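In what follows, a single structure is set out as structure tokens and then discussed.
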Amino acid sequence: MKKFIIALFCLCSFSYATEYDPIRGEMLSLSCASCHGTDGKSKTITPYIAGMSKTGMYQILLDYKYGKREGTMMQKHVKGFLDEELEQIAYYFSKVQR
Amino acid sequence: MINRRHFNKILVGSVALSFAACSSITSVSLPTDKKRVVIVGGGFGGATAAKYLKKFSPETEVILIEQNKEYYTCPFGNTVIAGLNDIEYIKHNYKTLESKYKIKVIHEKVKKVDGETNTVILENGEKIAYHRAIVSPGIDFKYEKGYVKGSEQYSPHAYKAGAQTLLLRKQLEEMKDGGTYVMVAPANPFRCPPGPYERISLVANYLKKNKPNSKIIILDQKNKFSKQGLFQEGWEKLYKDMIEWRSAEFGGEVLEVDPKNRIIKTEDEDVKADVLNYIPNQKAGKLAFDSGLTDGDWCPVNTKTFESKLIKNIHVIGDASIASKMPKSGFSANSQAKIAALQIVRLLKNKDIVNPPKLANTCYSLIAPNYGITVAAVYEAHEDGIIAVPGAGGLSPMNADESYRIQEAEYAVAWYENQMADIFS
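Listed in order, the protein sequences are those of chains A and B.
First residue of the first sequence? That's 8 in the numbering used here, and the numbers climb one at a time after it.
First residue of the second sequence? That's 48 in the numbering used here, and the numbers climb one at a time after it.
Dropping the structure here:
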């Protein structure tokens, strides 16, 4: 049982590297909505990001920031945010219903 | 005898009358059970702020006052001038904001926002009290050098979209092949820094197809412009020799204009235009001046909250505000409106503001329907103003291949449609 609790604790601390700050997450998400639609619910070819997995989205944002992924616009925007802020953004959109 | 149809008509009429009377009475004094925010101006800034205030705090009463029932966006207005879209494409209304978000929308002209009594005074004499007000009046024009009010009918600026957009389109359509389209581009600062040059690009696109012997002259009131390298690269590639740009120091400066006869006097010569698109120099919208919110031509604000530095409880967003490094663009106004809404909700609830707020801007320009370019930046609000975050943002690359330009053009359209949905639906 003890081992199970420790394992669970490790899992949690891995997937929640930074504590979610809903106010900050929402504030940081606002400029994303200008291109991706309100709460990331895009109605056009711009990707629909509402309800994306937090881990997946965070990784994509980091890949743009550190040059592993290219686009016309995204790498220019993500460089304006700290890693921790990108994580908050990923948290925010993961919590929005698709 | 009153038949059923007639009776229903009377009934609807009296319901409408009593609603109008009620809304008038409730509007005058402040509600005691909730907070009220009154927004003046229903463009990119005001309409976004209204929607997001309700999104962040549904219990707040939000009143949006905009004199027009329909709003025509300046972004993508250039595609209408050049015949790529109909005017319907840039027309939007406030019905969803009313029905879905329960925002009270009043179509009246505002006389002033009175910071001493915390009321918005309408031209019809009605006064609407507020806990906080947002003023988003956009731009007004400086009438000088012979370009006076009314000159628009001969030499449209088309820098507020709507009737002017259609007039300029008509003049372009009626211009003879071999004619000269002259644009007078404004001095800094002005709404949408790349806007005039996108317009020139799309006008060139139209002329190349329809009147290929024509030429375009830009008389610029400054010596450089936004995305200059990218525009000039595109012009060289697509419209070779059709566009002549004259900087202020090399023949562009306008000394005097005769809008009716379309003659522009410069130091070097009198330029005769077949179509004269005169974009005057700019300042904050009239309401900002009438309400005492200006210092010089624009409105100083605390950039963390967009609250006026001159009058408490009034926030100024969009083109009229001095937002340091942020350009006067629709995207900027949208970004500022959301931050202002977020901070106002926190201030009304006596909570700390979010600090530091981050904002962003992207300006898409079309050089042709399938040729897009951009500039972007991310901003952070500090005590002494808004700064661009170093290392972020930037321009589209020079010498990019065709597929890259096509992709940017597709994203330009995607941005516009999502942005409109973000504001109006």
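Ideal Cβ positions, reconstructed from N, Cα and C, are used throughout, including at glycine.
Fair warning: this is a prediction, and the values are worked out from it, not measured in the lab.
Check, Outcome
"Cβ neighbours of residue 376/B in the same chain (closer than 7 Å, five flanking residues each side left out)", "239, 408, 410"
"Neighbour list for residue 105/A in chain B, Cβ cutoff strictly below 7 Å", "Correct list: empty, because the minimum Cβ distance to chain B is about 16 Å."
"Simplified DSSP state of residue 179/B, which is helix, strand or coil", "strand"
"7 Å Cβ shell around residue 70/A - same chain, five flanking residues per side excluded", "76"
"Residue 412/B (DSSP reduced to helix, strand or coil)", "strand"
"Rounded straight-line distance, which links the Cα of residue 94/B to that of residue 247/B", "29 Å"
"Minimum length 4: unbroken alpha helix (DSSP H) runs contained in the stretch 242-301 of chain B", "242-257, 275-285"
"Below-7 Å beta-carbon distance, residue 370/B vs any chain A residue", "no"
"Neighbour list for residue 454/B in chain A, Cβ cutoff strictly below 7 Å", "79"
"Cross-strand partners of residue 216/B (DSSP beta bridge)", "DSSP, once it has assigned bridges, lists no residue as partnering residue 216/B."
"Three-way DSSP call (helix, strand, coil) for residue 114/B in this model", "coil"
"Residue environment, residue 300/B, which counts as buried when at least 16 other CB atoms sit within 10 Å", "buried"
"DSSP three-state assignment for residue 166/B, whether helix, strand or coil", "strand"
"Closest Cα partner of residue 404/B within the set 272/B, 412/B, 432/B", "432/B"
"Sub-7 Å separation of residue 326/B and residue 423/B beta-carbons", "no"
"Chain-ordered residues of the stretch 420-438 of chain B with a beta carbon less than 7 Å from chain A", "421, 423, 425, 436, 438"
"Euclidean distance between Cα positions of residue 347/B and residue 399/B", "22 Å"
"Backbone CA spacing between residue 113/B and residue 166/B [nearest angstrom]", "16 Å"
"Segment limits, beta strand (DSSP E) that includes residue 152/B", "151-153"
"Every unbroken beta strand (DSSP E) within the stretch 370-399 of chain B, with a cutoff of 3 residues, ordered by chain", "none"
"Residues that residue 466/B contacts on chain A, provided the C-beta gap is smaller than 8 Å", "41, 42"
"Residue 108/A at chain B interface by Cβ criterion, 7 Å", "No answer is possible for residue 108/A: it lies beyond the span of chain A, which begins at 8 and ends at 105."
"Same chain only: Cβ atoms within 7 Å of residue 155/B, ignoring 5 sequence neighbours per side", "112, 114, 169, 170, 171"
"Any chain B beta carbon closer than 7 Å to residue 30/A", "yes"
"Chain A contact for residue 389/B (CB, 7 Å cutoff)", "yes"
"Reduced DSSP secondary structure (H/G/I, E/B, other) of residue 309/B", "coil"
"Residues bridged to residue 421/B (per DSSP)", "411/B"
"Positions along the stretch 332-355 of chain B whose CB lies within less than 8 Å of some CB in chain A", "none"
"Closer than 8 Å at the beta carbon, the chain A residues around residue 401/B", "30, 31, 34"
"Short Cβ contact (7 Å threshold) for residue 34/A with residue 392/B", "no"
"Minimum C-alpha distance to residue 160/B - residue among 459/B, 343/B, 332/B, 442/B", "332/B"
"Whole-angstrom distance between residue 119/B and residue 203/B, CA atom to CA atom", "16 Å"
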